[in-house]
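Student:
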Amino acid sequence: MSMTATQTNPVVNRPLEGRVAIVTGSTSGIGLGIAQSLAEQGARLVLNGFGDPDEVEQTREMLAALHGVEVLYSPADLSMPEKIGEMVAFARDVLGPIDILVNNAGIQHVAPVGEFPTAKWDAIIAVNLSSAFHAIKAVLPEMVERRFGRIVNIASAHGLIASPFKSAYVAAKHGVVGLTKTVALEAARQGVTCNAICPGYVWTPLVEKQIAEQAQAHGISTERVITDVLLTSQPNRRFASVEEIGALTAFLCGDNGASITGAALAVDGGWTAQ
Ligand code: NAD
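Using the working numbering, read the sequence shown as starting at 1305 and increasing by one per residue.
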């Protein structure tokens, strides 16, 4: 029986074999797509995020069984810095030192600045920006000491450009891009990379919720929100998939991503090229 190179070489098939990863906000959407991609390539990982406990457990078991890797779950609320420390300690205690950190958890609220609820501003800054800082602070010294680390921050096209009514989100995502560059520079000579992925619209529960809200606000159908409101910004007129974001993240986490650091990688169908 003849075998192809990819069948015989486990390093080609599973380039992240043995790596330990934390993916925040991975009970849903993009985070779950990233967790899938990392597990498929052999990483052992910690899922995090909110959700129905039975559904989360099913997801955890499915990922572990499908890819033959250890998968844990931390329910840490990332708006609370001490919970982030506990999540990282849990991952390290059970799986070992952290090789890969993906800061993905995020929330959104849309309102004019003058009417923007202060509590929503605080929550968005805490979850979308400060949680990335706290998680990076918890893993970076060990990555530097071990001379290997991959940090991927899921920012947004809104980390590069603004839209009205999304003040907190745009501020947080621009902050994530700035944090990414700073960490990349600090760790550049120690084998640690730090990059931001800046998606345009990706089809996830977060976007589905926005579509429903905008349809109600504008009194138009959800189809018209998709074509006339959301995808008008994206020259390629399509949503990216969570698999596409997962595949890029996995690439950045592998050995071939070693020279990519401090980048803000647009995955937005040309939105920010305009
Ligand atoms: P989603 O709502 O499907 O998933 C968000 C995840 O974050 C969930 O697992 C949720 O439980 C978790 N989460 C929320 N608050 C949390 C908290 N306090 N503590 C722990 N976990 C928490 O959203 P998504 O569309 O998959 O978005 C994921 C990331 O991608 C976000 O940072 C978002 O800003 C970014 N993003 C999304 C799009 C898009 O079009 N979907 C585009 C650009 C950027």
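Yeah, the Cβ is synthetic: ideal placement off N, Cα and C, and Gly gets one too.
Take Lys1477 and list the residues in its own chain whose beta-carbon comes closer than 7 angstroms to its own, dropping the five residues that flank it on each side.
Tutor: Translated into positions along the sequence shown, residue 1477 becomes position 173. Closer than 7 angstroms at Cβ, skipping near neighbours: Asn1432, Ala1459, Ser1460, His1462, Gly1463.
Student: If we ignore side chains and look at the alpha-carbon of each, how far apart do Lys1470 and Thr1484 end up?
Tutor: As a first step, residue 1470 must be located in the sequence shown, where it is residue number 166. As a first step, residue 1484 must be located in the sequence shown, where it is residue number 180. Roughly 21 angstroms between the two C-alpha positions.
Student: For Tyr1473, report the span of its alpha helix (DSSP H) as first-last.
Tutor: Position 169 of the sequence shown holds residue 1473. Run containing Tyr1473: 1471-1491, per the alpha helix (DSSP H) assignment.
Student: Leaving out five residues on either side along the sequence, give the residues of the same chain with a beta carbon under 6 angstroms from the beta carbon of Glu1374.
Tutor: For the purposes of this step, residue 1374 is taken as residue 70 along the sequence shown, with counting starting at 1. Closer than 6 angstroms at Cβ, skipping near neighbours: Arg1348.
Student: If the criterion is Cβ atoms closer than 8 angstroms, does the pair His1371 and Glu1344 meet it?
Tutor: Counting from 1 along the sequence shown, the entry for residue 1371 is found at position 67. Counting from 1 along the sequence shown, the entry for residue 1344 is found at position 40. Yes. Within cutoff.
Student: Going by C-alpha to C-alpha distance, which of Ala1516, Tyr1473, Ser1341, Ala1521 sits closest to Cys1502?
Tutor: Walking along the sequence shown from the start, residue 1502 turns up at place 198. The candidate whose alpha carbon is nearest that of Cys1502 is Tyr1473.
Student: Please list the segments of the beta strand (DSSP E) lying wholly inside the segment 1399-1471, counting only runs of 3 or more residues, in order along the chain.
Tutor: Counting only runs of 3 or more, we get 1404-1407, 1453-1458.
Student: If contacts are defined as beta-carbon pairs under 8 angstroms, then Arg1323 and Ile1440 qualify, I think. What distance do you get, rounded to the angstrom?
Tutor: Start at 1 with the first residue of the sequence shown, and residue 1323 comes out as number 19. Start at 1 with the first residue of the sequence shown, and residue 1440 comes out as number 136. Not confirmed; about 17 angstroms, so no contact.
Student: May I ask you to report which of helix, strand or coil DSSP gives Ala1521?
Tutor: Indexing the sequence shown from 1 puts residue 1521 at position 217. Three-state DSSP puts Ala1521 in a helix.
Student: For the alpha helix (DSSP H) that contains Ile1334, what are its first and last residues?
Tutor: Start at 1 with the first residue of the sequence shown, and residue 1334 comes out as number 30. Note, Ile1334: alpha helix (DSSP H), 1333-1344.
Student: Would the beta-carbon of Val1398 fall within 8 angstroms of that of Leu1367?
Tutor: The count along the sequence shown starts at 1 and reaches residue 1398 at position 94. The count along the sequence shown starts at 1 and reaches residue 1367 at position 63. Against a cut-off of 8 angstroms, the Cβ pair of Leu1367 and Val1398 comes out as no contact.
Student: Does the segment 1414-1432 come close enough to the segment 1353-1361 to have 3 or more Cβ pairs within less than 8 angstroms?
Tutor: Result no; under three Cβ-Cβ pairs closer than 8 angstroms.
Student: Within a Cβ cutoff of 7 angstroms, which residues of the same chain sit near Arg1451, ignoring the five residues on either side of it in sequence?
Tutor: As a first step, residue 1451 is located in the sequence shown; it is residue number 147 there, counting from the start. Hits under 7 angstroms: Gln1494, Gly1495.
Student: Give the secondary structure of Asn1540 by DSSP, where H, G and I count as helix, E and B as strand, and everything else as coil.
Tutor: The residue you call residue 1540 lines up with position 236 of the sequence shown. Coil at Asn1540, not helix or strand.
Student: Quick check: the Cα distance between Ala1339 and Gly1574, rounded to an integer number of angstroms?
Tutor: Within the sequence shown, numbered from 1, the residue matching residue 1339 stands at position 35. Within the sequence shown, numbered from 1, the residue matching residue 1574 stands at position 270. Looking at the two C-alpha atoms, the distance is approximately 26 angstroms.
Student: Helix, strand or coil for Thr1497? Go by DSSP, reduced to three states.
Tutor: Counting from 1 along the sequence shown, the entry for residue 1497 is found at position 193. Strand at Thr1497.
Student: Tell me, please, whether the segment 1552-1559 touches the segment 1517-1527 by the rule of three or more beta-carbon pairs shorter than 8 angstroms.
Tutor: Contact fails: fewer than three Cβ-Cβ distances are below 8 angstroms.
Student: What is the DSSP secondary structure of Val1506, reduced to helix, strand or coil?
Tutor: The residue labelled residue 1506 in the question sits at position 202 within the sequence shown. Strand, per DSSP.
Student: For Ile1334, is the beta carbon positioned less than 7 angstroms from some heavy atom of ligand 1?
Tutor: Counting from 1 along the sequence shown, the entry for residue 1334 is found at position 30. Under cutoff, so the answer is yes.
Student: Excluding sequence positions up to five away, which residues of its chain have a Cβ less than 7 angstroms from the Cβ of Asn1408?
Tutor: Numbered from 1 along the sequence shown, position 104 holds the residue referred to as residue 1408. Answer for Asn1408: Val1327, Thr1328, Gly1329, Ser1330, Ile1334, Gly1335, Ile1338, Ile1458, listed in chain order.
Student: Check the C-beta distance from Thr1508 over to Ile1455 and give it rounded, since I have them as a contact under 8 angstroms.
Tutor: Residue 1508 sits at position 204 when you count from the first residue of the sequence shown. Residue 1455 sits at position 151 when you count from the first residue of the sequence shown. That pair is no contact at about 22 angstroms.
Student: Whole angstroms is fine: what's the gap from Ser1525's alpha carbon to Leu1535's?
Tutor: For the purposes of this step, residue 1525 is taken as the residue at position 221 of the sequence shown. For the purposes of this step, residue 1535 is taken as the residue at position 231 of the sequence shown. Distance between the alpha carbons of Ser1525 and Leu1535 is about 14 angstroms.
Student: Using only the heavy atoms of ligand 1, determine whether one of them is closer than 7 angstroms to the beta carbon of Asp1356.
Tutor: For the purposes of this step, residue 1356 is identified with residue 52 of the sequence shown, where counting begins at 1. No; taking the cut-off as 7 angstroms, the Cβ of Asp1356 has no heavy atom of ligand 1 nearer than that.
Student: Would you kindly work out how many angstroms separate the C-alpha atoms of Leu1420 and His1413, rounded to a whole number?
Tutor: Stepping through the sequence shown from its first residue, residue 1420 is reached at position 116. Stepping through the sequence shown from its first residue, residue 1413 is reached at position 109. The sequence as given places Phe at residue 1420; Leu does not occur at that position. Taking the straight line joining both Cα atoms gives about 8 angstroms.
Student: Look at Val1480 and Ala1436 and say whether their C-beta atoms are less than 8 angstroms apart.
Tutor: The residue given as residue 1480 occupies position 176 in the sequence shown. The residue given as residue 1436 occupies position 132 in the sequence shown. Result yes, Cβ atoms of Val1480 and Ala1436 sit closer than 8 angstroms.
Student: Please name the residue in Gly1346, Glu1386, Pro1379, Asp1381 whose C-alpha comes closest to that of Ala1369.
Tutor: Position 65 of the sequence shown, counting from 1, holds the residue named residue 1369. Here the closest residue by C-alpha is Gly1346.
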